[in-house]
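Trainee: Quick one: structure below, then a few questions.
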Amino acid sequence: MIVSLYPHCLPVKGFNRSIICDLQECIYYFIPNDLYDLLVKHRLLDRKLLIEEYGGENSEAIDDYLLLLEKHDSVFELNKSDTLEFFPKLDLTFDEPSIIDNAIVDTDNNLINLKKILPQLEDLCCVAVLVRVLTSISFKELKKLIDLFKTSVIQHLDIIVSKNLLFDYKQFQSLFQENLRLNSITIFECERDEIDKINVENFSNSTIGYVKRTTERFNPSGHCASITPKTFVLNIKHFSESQHKNNCLNKKMSIDIDGNIKNCPSLATTYGNINKVSIVDIAALNDFKKLWLVKKDSISVCRDCEFRYICSDCRSHIEDNNDVFSKPPNCDYDPYSGKWSDDPQKMSFREA
Ligand code: SF4
Numbered sequence: 098m099i100v101s102l103y104p105h106c107l108p109v110k111g112f113n114r115s116i117i118c119d120l121q122e123c124i125y126y127f128i129p130n131d132l133y134d135l136l137v138k139h140r141l142l143d144r145k146l147l148i149e150e151y152g153g154e155n156s157e158a159i160d161d162y163l164l165l166l167e168k169h170d171s172v173f174e175l176n177k178s179d180t181l182e183f184f185p186k187l188d189l190t191f192d193e194p195s196i197i198d199n200a201i202v203d204t205d206n207n208l209i210n211l212k213k214i215l216p217q218l219e220d221l222c223c224v225a226v227l228v229r230v231l232t233s234i235s236f237k238e239l240k241k242l243i244d245l246f247k248t249s250v251i252q253h254l255d256i257i258v259s260k261n262l263l264f265d266y267k268q269f270q271s272l273f274q275e276n277l278r279l280n281s282i283t284i285f286e287c288e289r290d291e292i293d294k295i296n297v298e299n300f301s302n303s304t305i306g307y308v309k310r311t312t313e314r315f316n317p318s319g320h321c322a323s324i325t326p327k328t329f330v331l332n333i334k335h336f337s338e339s340q341h342k343n344n345c346l347n348k349k350m351s352i353d354i355d356g357n358i359k360n361c362p363s364l365a366t367t368y369g370n371i372n373k374v375s376i377v378d379i380a381a382l383n384d385f386k387k388l389w390l391v392k393k394d395s396i397s398v399c400r401d402c403e404f405r406y407i408c409s410d411c412r413s414h415i416e417d418n419n420d421v422f423s424k425p426p427n428c429d430y431d432p433y434s435g436k437w438s439d440d441p442q443k444m445s446f447r448e449a
């Protein structure tokens with residue numbers, strides 16, 4: 098039998114062990130580094146030829162490897178070895194038409210920042226915007242905010258509101274129904290933690306967004322969540338972007354409440370103010386884009402980790418503030434031992 102890995106099943110080597118990322122099923126599983134080396138050397142897995150090459154004493158290991166790949170549905174059978182040319186490798190080149198792909202805009206209930214920035218974000222072909230309202234806001238004002246996006250080219254809108262909103266379900270439902278770009282509203286300083294799915298009757302009762310309430314206080318300079326298998330992202334976009342660029346900061350821009358332009362709200366460096374410069378000019382500056390290039394393969398420790406193309410990076414919280422290539426401190430995985438901290442919560446449902 099001759100088999101080959103499906104192009105969407107991509108092996109990634111770590112110091113201690115490797116994984117196969119199945120970007121179609123959105124799962125990963127562990128394999129030994131010896132199997133990784135074998136898969137890199139042989140696109141065609143012909144049991145007979147492999148035993149000839151590695152010797153009969155390794156036939157049991159070869160059978161185990163082939164069984165493991167078959168069990169996870171990672172290989173397909175080929176009748177003839179010369180048909181492999183019809184199954185090209187997945188192209189992991191990464192490019193996007195947008196100059197800025199996603200933006201975080203802080204505003205108050207007057208929406209001054211947002212009104213100023215929105216046309217410029219459209220000029221930059223921005224796809225997703227997170228608006229963070231740092232003051233109390235009424236239903237009418239929130240509706241006005243969402244209406245700004247009504248004829249916009251922006252495809253995804255998420256909103257964070259720092260103070261509790263006492264709207265009822267019907268009011269939220271109307272906001273989501275009238276603007277299908279709206280994906281989520283997260284509300285801080287609530288009395289309880291809960292998530293409401295927003296269903297819309299006209300859409301076969303399907304969920305089109307959610308409202309998340311939290312008792313936490315909002316911190317505008319934020320803190321990135323801890324890295325665990327639950328935060329891993331398994332899709333082609335993230336996997337291919339991570340090969341070339343920083344998967345958090347690439348094409349990201351943030352505007353704080355004072356109009357300062359940054360890479361991310363948690364980073365201190367500002368590149369100008371929206372009242373003095375255009376964000377289109379800032380987005381073209383090499384200095385503004387320098388962190389976009391800090392990819393996982395350049396970061397200490399992460400470069401030896403098998404999770405590096407499915408793990409999100411953070412450059413605002415790093416172990417050594419003098420070294421932009423140091424590891425995020427909010428990760429307690431050690432790729433050299435292959436161990437997380439003792440926390441059993443760190444097991445992921447996506448680990449196959
Ligand atoms: S070591 Fe780096 S790549 Fe690996 S899980 Fe931690 S942060 Fe992610």
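Position 197 of the sequence shown, counted from 1, bears residue number 294 in our numbering, the numbering being contiguous throughout. Ideal Cβ positions, reconstructed from N, Cα and C, are used throughout, including at glycine.
Cβ of S351 within 7 angstroms of Cβ of P362?
Mentor: Going by C-beta atoms, S351 is nearer than 7 angstroms to P362.
Trainee: With a threshold of 16 other CB atoms inside 10 Å of the CB of N360, please say whether the residue is buried or exposed.
Mentor: Per the 10 Å Cβ criterion, buried.
Trainee: Within its chain, find whatever has a CB closer than 6 angstroms to the CB of Y430; leave out the 5 residues flanking it on each side and keep chain order.
Mentor: Excluding sequence neighbours, Y430 sits near W437.
Trainee: Considering only the alpha carbon of each residue, which of F385, I415 and S337 lies closest to D188?
Mentor: That would be S337, whose Cα lies nearest to the Cα of D188.
Trainee: Given that a residue counts as buried once 16 or more other Cβ atoms are within 10 Å of its Cβ, and exposed if not, what is I234?
Mentor: Its Cβ being crowded by 16 or more others within 10 Å, I234 is buried.
Trainee: Using DSSP with H/G/I as helix, E/B as strand and the rest coil, what is G369?
Mentor: The answer is coil: DSSP assigns G369 none of H, G, I, E or B.
Trainee: Beta-carbon distances below 6 angstroms to any heavy atom of the ligand SF4 define the shell here; list its residues in chain order, please.
Mentor: This criterion selects I324, K393, V398, C399, C402, F404, R405, C408, K424, P425, C428, Y430 and P432.
Trainee: Beta-carbon separation of L245 and L215 under 7 angstroms?
Mentor: Yes, the pair counts as a contact, with Cβ atoms nearer than the cut-off.
Trainee: Can you give the beta carbon distance from S323 to G306, rounded, assuming they're within the 8 angstroms contact cut?
Mentor: No, S323 and G306 are not in contact; Cβ-Cβ is about 26 angstroms, not under 8 angstroms.
Trainee: D293 to K309, Cα distance in whole Å?
Mentor: Going from the Cα of D293 to the Cα of K309 covers about 6 angstroms.
Trainee: So, is L107 buried or exposed, given that buried needs 16 or more other C-beta atoms within 10 angstroms?
Mentor: L107 comes out buried.
Trainee: Among residues of its own chain, excluding the 5 on either side of P441, which ones have a beta-carbon nearer than 8 angstroms to its beta-carbon?
Mentor: Per-residue confidence for P441 stands at a pLDDT of 49, beneath the threshold of 50, marking its modelled position as unreliable; no derived number is given.
Trainee: Using the rule of at least 16 other Cβ atoms within 10 Å of the residue's Cβ for burial, across every protein chain shown, is V391 buried or exposed?
Mentor: By the neighbour-count rule (16 or more Cβ atoms within 10 Å), V391 is buried.
Trainee: Please identify the residue among F236, D355, T312 and D119 whose C-alpha is closest to the C-alpha of R289.
Mentor: Looking at the Cα atoms, T312 is the closest of the given residues.
Trainee: Spatial neighbours of N347 within its chain, please: CB distance less than 7 angstroms, with the 5 preceding and 5 following residues excluded, ordered by chain position.
Mentor: Cβ within range, chain order: E338 and W389.
Trainee: My output table needs one value for D353: the three-state DSSP class, helix, strand or coil.
Mentor: Three-state result, D353: coil.
Trainee: Closest by CA to D134, which one among E149, F404 and V109?
Mentor: The candidate whose alpha carbon is nearest that of D134 is V109.
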